[in-house]
Structure formats: C-alpha cells, structure tokens
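In the numbering used here, the protein residues as written are 12 to 562. We put the beta carbon where it would ideally sit given N, CA and C, even for glycine.
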C-alpha cells in the first residue's frame with residue numbers, strides 16, 4: 012500500500028503474531044522475493060534483523076492519529092459526513108490516513124495473519140482496505156472492537172511489546188558478544204602495555220633483550236619462548252619500531268615551525284660499520300634554552316629551509332667546499348651557517364706538547380738544513396703560506412663577526428656595521444632593531460654582560476615579562492644565535508652509548524633495531540613521556556598483516 016506512506020505503513024514487513032515465527036517467515040520471504048543466487052544468507056539474515064527492528068520501533072510509536080482542524084467531507088445521500096477526531100479518544104486502536112481519507116485498525120494491520128487463531132476471521136476493511144462509511148462509523152468501530160480477529164490482534168500486540176522478542180534477544184546476544192570481545196581486547200592491550208614497559212626499561216638502560224635463534228638446539232631460547240607470548244625477536248623489533256615511530260613524531264612536533272641546527276659526527280662500531288650520529292638543536296620556548304635531540308640516521312623529512320646552521324666535525328667530505336656535503340647543502344640553503352673544525356682545534360690544543368716534541372725530532376733528524384736555499388723556498392715559505400691562509404680563513408669567517416656583534420649587543424654598544432650584519436643575517440629591519448635596543452637599555456632588569464649566561468637571562472626576562480612581541484627583533488636574534496652549534500659534543504656522547512648497546516656479543520644487531528634502541532637509550536626523558544596507548548595503535552597498524560591478537 013504505497014499510497015499510505017504518510018502514516019508510515021511498513022508494507023515490506025510481514026504480519027505475524029509470534030516473534031520467532033516472524034523471523035523465520037521474514038528471512039525466507041526475503042530470499043524468495045529477491046530470487047538472487049548471489050545473495051548470501053548472512054546478508055538476508057542481516058536485512059531480516061533490520062526489518063524486525065523497524066517493526067519494533069513502529070509498534071512502540073502506536074497508531075497514527077492526526078488531529079486536524081478540518082477533515083475531508085463525504086456526501087452520504089442528503090447529508091455530508093467526515094472523520095471525527097473525538098473517535099481517537101474512544102477507540103485507542105484507531106488510526107487515520109488523510110491522504111486516502113480512511114480509517115484503519117492499528118493492531119489488526121500489523122498483527123492480523125491469515126493462519127493460526129485468525130484463520131478465516133480477517134477483517135480486511137480495517138486491516139487492509141480501510142473504512143470510510145462515516146455515517147455508520149461509531150457502530151462499525153464497536154462491532155470491530157468486539158470481533159475475534161481484533162481481540163487476537165490486540166493480544167498479539169500486547170504479547171509482542173511485553174515479551175522478549177527474537178530481535179531483542181539477538182540484540183542482547185550481540186551486546187554480550189561485543190562485551191566479551193571488548194573485554195578480551197582490553198586484556199590484550201593491558202598485556203601489551205606491560206611488554207612495552209619492559210621494552211622501554213631494557214632500551215633505556217641499554218640492556219640486551221634476547222637472541223634471535225629460536226631453534227630447539229638454541230641454549231638461549233629460555234629467555235622468552237613461544238611467539239604466542241609476544242616475546243619473540245620479531246615482536247620485539249615491531250615494538251621497538253613502534254616506539255621509534257612515535258618518538259620521531261614527537262620530535263617532529265617539537266621542531267615544527269622552528270629554525271633548527273644540525274650536528275653530525277661519525278664513528279665505527281664494534282662490527283666495523285660506520286655509524287653517524289645526527290643531533291638537532293633548537294630553542295625550547297618553555298625553557299628559554301637550547302635543546303638538543305638525537306635522531307640517529309633516518310630520514311625524517313626536515314626541510315633544509317628550516318635549517319639555520321650545521322656542524323660537521325672531523326669529516327673532510329662533509330666540510331668540502333667544492334664537491335662535499337657543504338657545497339651541496341649550500342645549494343639548498345645558501346644562508347646556512349657552517350661551523351666546522353672545532354674538533355681539530357681542540358685536538359691541537361690537547362696534544363700541543365706532543366706535536367712540539369714530534370716536530371723537534373723531525374728537525375734534528377732531517378737533512379733539509381744541508382740545502383738551506385731550497386728548503387727555504389719549497390718548504391718554509393709553503394708551510395708559512397698555508398698557515399697564513401688557514402688563519403685568515405678561520406678568523407675572517409662570518410661566524411666570528413657574528414659573535415663579536417652579539418657581544419656588543421649585550422653591552423648595548425652596536426656599531427653601524429653590526430646592525431647591518433645582524434639585519435642581513437637574521438632578516439631584520441635595522442632601524443627597528445636600533446629602536447628596540449635603545450628602549451631595552453632603559454629597562455633595569457636587562458643588565459650588561461658578555462657571556463652566554465647573559466643571553467639566557469635576557470631570553471628569560473623577555474619571556475617572563477611577555478616582552479617577546481615588543482622586542483621581537485632582539486628576541487629573534489638571541490634565539491637564533493643560541494640555536495647555532497659550537498661543537499658536536501652531543502654526537503660524541505651518543506657514541507659512548509653506542510658502545511654500550513652494540514657490544515661484541517651483540518655485533519650482529521640489525522641497523523633498524525640498533526637505530527630504535529639507540530633513540531630510546533639516548534632520549535630517555537622523551538621515552539618516559541610516551542603514552543603506551545599511542546604505541547599500541549602504532550604497533551597495531553605497523554604491518555599490513557592483521558595481528559593474531561585483538562587490539
């Protein structure tokens with residue numbers, strides 16, 4: 012009865028009195044009506060359950076009883092009659108369709124069937140066709156209310172609403188199944204949290220986990236038997252990789268929209284493999300101090316335009332001006348500040364006495380003095396030229412000029428060439444910088460100094476007093492200046508931890524496992540702040556294959 016849609020007639024639902032029978036009928040009626048060989052029984056059953064839920068909702072809403080100001084009028088002989096809304100109060104089962112101007116019996120329409128108790132007693136007028144003889148409406152309503160078909164339909168409706176029907180039972184079973192599955196999932200996650208804690212504890216202390224040999228003849232398999240316990244070397248690698256990925260995202264979020272510096276150094280591990288340590292340096296606004304974070308040697312998609320300076324010590328290839336890394340990076344970002352050779356300078360300083368003694372031995376044993384003119388021309392002048400060129404190169408670098416300019420800034424004594432240098436280097440307005448410096452000089456909390464301690468005091472005062480925006484040029488200069496590295500000591504400190512992680516007994520460790528373990532071992536503070544739930548989510552989606560455990 013598609014013409015009665017405004018009263019929400021569920022014409023696609025079968026009429027029934029017993030819920031269990033209705034599920035059976037509805038299911039097979041769907042199969043028969045569709046006649047689709049590709050329709051899986053699960054799809055038909057799902058559609059059947061959906062229909063039963065709609066039926067339940069429709070019965071609970073009750074009959075459709077629109078109370079209009081004016082109903083359509085019908086002529087009966089010499090009189091004109093219409094539906095009377097007062098009949099809704101006298102007959103609660105009554106419902107009315109304004110579109111066809113007919114009345115129906117709500118329980119008979121939904122619960123009247125052609126078999127069972129109602130066999131041969133269906134009142135088609137009130138259940139299907141509709142009643143419209145308003146001239147005899149009251150009498151007909153009373154007669155229908157006393158009929159057996161109506162009584163049986165009312166009884167079926169009451170039983171349907173009061174009993175635990177099959178759709179409700181199925182819904183409860185589904186809820187119980189989901190609850191049990193959720194309980195199992197939460198238990199699995201709680202177990203995995205403990206495994207993550209153990210992994211972090213071992214990684215932060217640099218201790219070994221276990222061997223990768225799981226054969227029956229292995230004498231080390233007792234350290235963690237069976238893959239089902241999630242303690243195998245493959246699961247450990249996945250856990251370490253998940254922790255590594257989460258930590259990398261944390262690091263990227265820390266350096267987002269910040270200018271950074273990169274420090275790198277290399278060494279050989281116990282397995283005679285070259286390992287490079289890369290450290291990023293940036294200013295943490297919460298501390299107003301530079302922070303250095305170890306990232307290892309994995310690509311983290313840092314844009315070179317955000318790199319302010321680099322420091323590569325002890326590597327001629329990295330600092331090569333013609334075809335080395337320095338030349339290639341300068342192409343990406345010509346403004347990058349290059350700080351190198353500090354390690355070589357420190358080595359000369361520490362070994363000065365030995366170098367002098369070595370040169371004395373060479374002087375005593377050499378025969379160059381027998382040919383003074385030739386020695387003076389080809390040796391003495393050549394070495395002297397190299398020394399002078401080296402000194403000129405070192406002391407004419409922009410870094411030294413920048414350090415001198417910052418020193419005069421801290422003493423409120425900037426020269427004109429200092430203003431130009433700082434403005435060009437940090438992309439500032441020199442007139443605004445000069446005005447900010449004069450205003451800052453009048454504030455008593457900014458004392459004159461000439462050390463890095465003074466810089467940190469100024470940064471802290473600017474941040475504490477909310478003056479960063481008022482003196483944004485000075486704040487930018489100081490922030491970017493302390494971001495520049497002087498040495499690569501942080502990289503060298505990571506090498507000492509490398510020797511603790513990759514020992515002779517662990518020399519066959521893969522690079523990925525070493526990278527993940529080193530990141531946790533070096534950045535222990537960051538690892539302690541990780542959320543186990545975030546690691547579990549990363550672990551769950553780490554591989555394309557589905558995990559055996561529900562997480």
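Distance from the CA atom of residue 88 to the CA atom of residue 123, rounded to whole angstroms, is 34 Å. When 318, 288, 298 are compared, the shortest CA-CA separation from residue 307 is found for 288. The DSSP-derived three-state label of residue 422 is coil. Taking each of 466, 499, 502 in turn and checking the Cα distance to residue 486, the smallest one comes out for 466.
Here the alpha carbons of residue 256 and residue 439 stand approximately 37 Å from one another. By the neighbour-count definition (other C-beta atoms within 10 Å, threshold 16), residue 552 is an exposed residue. Residue pairing by DSSP places residue 271 opposite 318 in a beta bridge. Residue state for residue 294 is assigned as strand, using DSSP reduced to three classes. Setting aside the 5 residues that flank it on each side, residue 510 is surrounded in the same chain by 280, 281, each with a C-beta closer than 8 Å to its C-beta; the list follows chain order. For residue 304, the pairing in a beta bridge is given by DSSP as 291.
Beta-bridge pairing by DSSP links residue 91 to 86. Ranked by how close their Cα comes to the Cα of residue 109, the residues 143, 139, 185 have 143 in first place. Residue state for residue 75 is assigned as coil, using DSSP reduced to three classes. Distances from the alpha-carbon of residue 493 to those of 370, 303, 550, 445 put 303 closest. Bounds of any alpha helix (DSSP H) do not take in residue 107; it lies within the beta strand (DSSP E) bounded by 105-108. Linking residue 158 to residue 188 through their CA atoms gives a straight-line distance of about 44 Å. Beta-bridge partners assigned by DSSP to residue 113: 108. Remark: three or more beta-carbon pairs, one from each stretch, lie closer than 8 Å, so the region 416-423 and the region 459-478 are flagged as touching. Checking the DSSP bridge columns, you'll see residue 142 partnered with 114. According to DSSP, residue 323 shares a beta bridge with 275. Residue 468 is not bridged by DSSP to any residue. Assignment of residue 285 by DSSP, reduced to helix, strand and coil, places it in the strand class.
Annotation for residue 546: 207, 253, 254, 257 place their beta carbon closer than 7 Å to its own, counting only its chain and skipping 5 residues before and after.
Counted as a single uninterrupted DSSP element, the alpha helix (DSSP H) harbouring residue 165 occupies residues 159-173.
If you look at residue 529, you'll find it in the alpha helix (DSSP H) that goes 522-533.
C-alpha of residue 424 to C-alpha of residue 450: approximately 13 Å in a straight line. Annotated three-state conformation of residue 280 is coil, per DSSP.
Distances from the CA of residue 290 to each of 299, 266, 296 were compared; the closest alpha carbon is that of 266. Here residue 66 is buried. Its C-beta has 16 or more other C-beta atoms within 10 Å. Boundaries of the alpha helix (DSSP H) harbouring residue 493: 483-494, taken from the DSSP string. Straight through space, the alpha carbons of residue 277 and residue 522 are spaced by roughly 15 Å. Inclusion of residue 137 and residue 102 in the CB contact set at 7 Å is not warranted, their separation being larger than that value. The continuous alpha helix (DSSP H) containing residue 429 extends over residues 427-437. The straight-line gap separating the alpha-carbon atoms of residue 433 and residue 480 is approximately 18 Å.
Residue 536 carries a helical assignment under DSSP once its states are collapsed to helix, strand and coil. By a beta-carbon distance limit of 8 Å, residue 323 does not contact residue 533. Their separation comes to about 19 Å.
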